[in-house]
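Participant: Take a look at the following structure, please.
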Amino acid sequence: MNIILVCSSLEPGRDGVGDYSRLLAGALINQGHACALLALNDKFVRSIQHEVQLADDTKVAALRIPTYKLKDNIRDVQSWIIDFNPDWLSLQYVIFGYHNKGLPFNLSKQLSAISQGRKWHIMFHELWLGIAVQESVKLKLWGRIQKYLIKTLIRHLNPRVINTQTPLYQILLQNLGYKATCLPLFSNIPKIESVRKVDNSDSIKLVVFGTIHTGALIKELAADAAAYTLKHKKTVLLTFIGACGSQQEKWVSEWQNAGLSVDIMGKQPAGIVSAVLQNSTIGILSTAVAVAEKSGSFAAMRAHRLPVLNISKPWQPTGVAIDVPLGVTVYEPGSFEKYIASCPVMINNNIGPTEVAKEMLAQLTVY
């Protein structure tokens, strides 16, 4: 088959869904299919760009359209799509990727125009705001508009296949009247088997990888870890790796104020990230547990069989109960010592781009 993966941005290392799309495209090509990438709202380019990008060692053709310039370049996009002649257009949907306020009112009509009747597949990486009981009236009203835009998008594109990554999103889409199946998120950080393992017997190494979300129980965890250190004479080190965002400073301050050590590594190549994950004791996750399976950070920890301690703020979806993923423990203040004593092992996870590509193809070939 010929498949074009459509996302918002394709700047390597700067957009998680773009990186995911590139690796998925490489896996599809390696399985004998033709695949290309189309970025429709790319803030990292100033003019339309024709490129060849690399998914590991696999070359992938890419077309990148600058932010809010799709209307100006729609004929070029149509021509490029006609030349490639895809059997499928696969929309990798993150609502804030296509508009800075998450309100892409013109997107569905523009996508209809460029597709010219071709078959659509949609992967919903995210849905709308205001899903949780705890969220504000403002976010819930904002989310209603986003929900309307998603319904409009599905009506315009009439996708033959709809996927998402979490059971929660699957249920929410089904509540709208659309059949969706789960396609698991693979890690953008492959496990490097040749990594030298370090003896951690005298320390507990916690690791934070990627974006930190607001409201997490970091102060409580720091107090627990400090008490554990005093009692057991073991170092509890917190390592930050990747682009952790504006909350990192607060986390560092809380950890250091508790008399604990931090290691701030910043952005690193995938091989170094893999080595750090393999030599850590526990992954610390601030994404709400109900949507953990959409998190690239969680996918990376799971791929490296790293047990995960979730310290997110309370976030309970309205009217939906979701099981805690295997290998994840929801943190309760005062429970750190008990958790360390019975720290679970993450389930073995061999899901990579190849496996996800095969599952995606199996669904597409039905149509």
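Be aware that the sequence shown starts at 3, since it is given in the working numbering, and climbs by one per residue.
From the three backbone atoms N, C-alpha and C, an ideal C-beta is built for every residue, glycine too.
Please read these numbers as outputs of a predicted model, since none were measured by experiment.
Below 8 Å between beta carbons: does that hold for I6 and S92?
Facilitator: Counting from 1 along the sequence shown, the entry for residue 6 is found at position 4. Counting from 1 along the sequence shown, the entry for residue 92 is found at position 90. Against a cut-off of 8 Å, the Cβ pair of S92 and I6 comes out as a contact.
Participant: So is Y171 buried or exposed if we call it buried at 16+ other beta carbons inside 10 Å?
Facilitator: Working through the sequence shown from its first residue, we reach residue 171 at position 169. Label assigned to Y171: buried.
Participant: Looking only at its chain, what residues have a beta carbon closer than 8 Å to the beta carbon of I124, apart from the 5 residues adjacent to it on each side?
Facilitator: Working through the sequence shown from its first residue, we reach residue 124 at position 122. S92, L93, Y95, L155, I156, L159, P161, V163, I164 and N165.
Participant: Could you say which of K140, G247 and A27 lies nearest to T60 if we only look at CA atoms?
Facilitator: Counted from its first residue, the sequence shown places residue 60 at position 58. Closest option to T60, Cα to Cα, is A27.
Participant: Examine the Cβ distances between the segment 319-328 and the segment 286-297 and report whether three or more of them are shorter than 8 Å.
Facilitator: Yes, the segment 319-328 touches the segment 286-297.
Participant: Ignore the nearest five residues each way along the sequence and tell me which others in W82's own chain have a CB closer than 6 Å to its CB.
Facilitator: To locate residue 82, count along the sequence shown from 1; it is residue 80. Same-chain partners within the cutoff: L65.
Participant: Count the other C-beta atoms from every protein chain shown that fall within 10 angstroms of the C-beta of C246, then say buried if there are 16 or more, exposed otherwise.
Facilitator: Locating residue 246 in the sequence shown gives position 244, counting from the first residue. Buried, by the Cβ-count rule.
Participant: Quick one: is E251 buried, meaning 16 or more other Cβ sit within 10 Å of its Cβ, or exposed?
Facilitator: Translated into positions along the sequence shown, residue 251 becomes position 249. Counting Cβ neighbours within 10 Å, E251 comes out exposed, since fewer than 16 surround it.
Participant: List the residues that DSSP assigns as beta-bridge partners of P316.
Facilitator: As a first step, residue 316 must be located in the sequence shown, where it is residue number 314. DSSP, once it has assigned bridges, lists no residue as partnering P316.
Participant: Short of 7 Å in beta carbon distance, which residues of its chain neighbour I173, apart from the five on each side in sequence? Order them along the chain.
Facilitator: In the sequence shown, counting from the first residue as 1, residue 173 sits at position 171. V322, listed in sequence order.
Participant: Applying the 10 Å Cβ sphere with the 16-neighbour rule, what's the burial state of N312?
Facilitator: Within the sequence shown, the letter at position 310 stands for residue 312. The residue is buried, with at least 16 neighbouring Cβ atoms inside 10 Å.
Participant: Which residue spans inside the segment 209-254 form an unbroken alpha helix (DSSP H) run of at least 4?
Facilitator: Entirely contained in the segment 209-254, the alpha helix (DSSP H) runs reaching 4 residues are, in chain order, 220-234.
Participant: Should K121 go down as buried or exposed, given a rule of 16 or more other Cβ atoms within 10 Å for buried?
Facilitator: Locating residue 121 in the sequence shown gives position 119, where the first residue counts as 1. Answer is buried; the Cβ neighbour count reaches 16.
Participant: Counting along the chain, where does the alpha helix (DSSP H) carrying F126 start and finish?
Facilitator: Translated into the one-based positions of the sequence shown, residue 126 becomes position 124. Per DSSP, F126 belongs to no alpha helix (DSSP H); it is in the beta strand (DSSP E), K121 to F126.
Participant: Measure the CB-CB distance between G285 and K269 and report whether it falls below 8 Å.
Facilitator: As a position in the sequence shown, residue 285 is number 283, starting the count at 1. As a position in the sequence shown, residue 269 is number 267, starting the count at 1. No. Outside cutoff.
Participant: Does DSSP classify E361 as helix, strand or coil?
Facilitator: For the purposes of this step, residue 361 is identified with residue 359 of the sequence shown, where counting begins at 1. Helix at E361.
Participant: Put M3 into one of helix, strand or coil per three-state DSSP.
Facilitator: In the sequence shown, counting from the first residue as 1, residue 3 sits at position 1. Correct three-state label for M3: coil.
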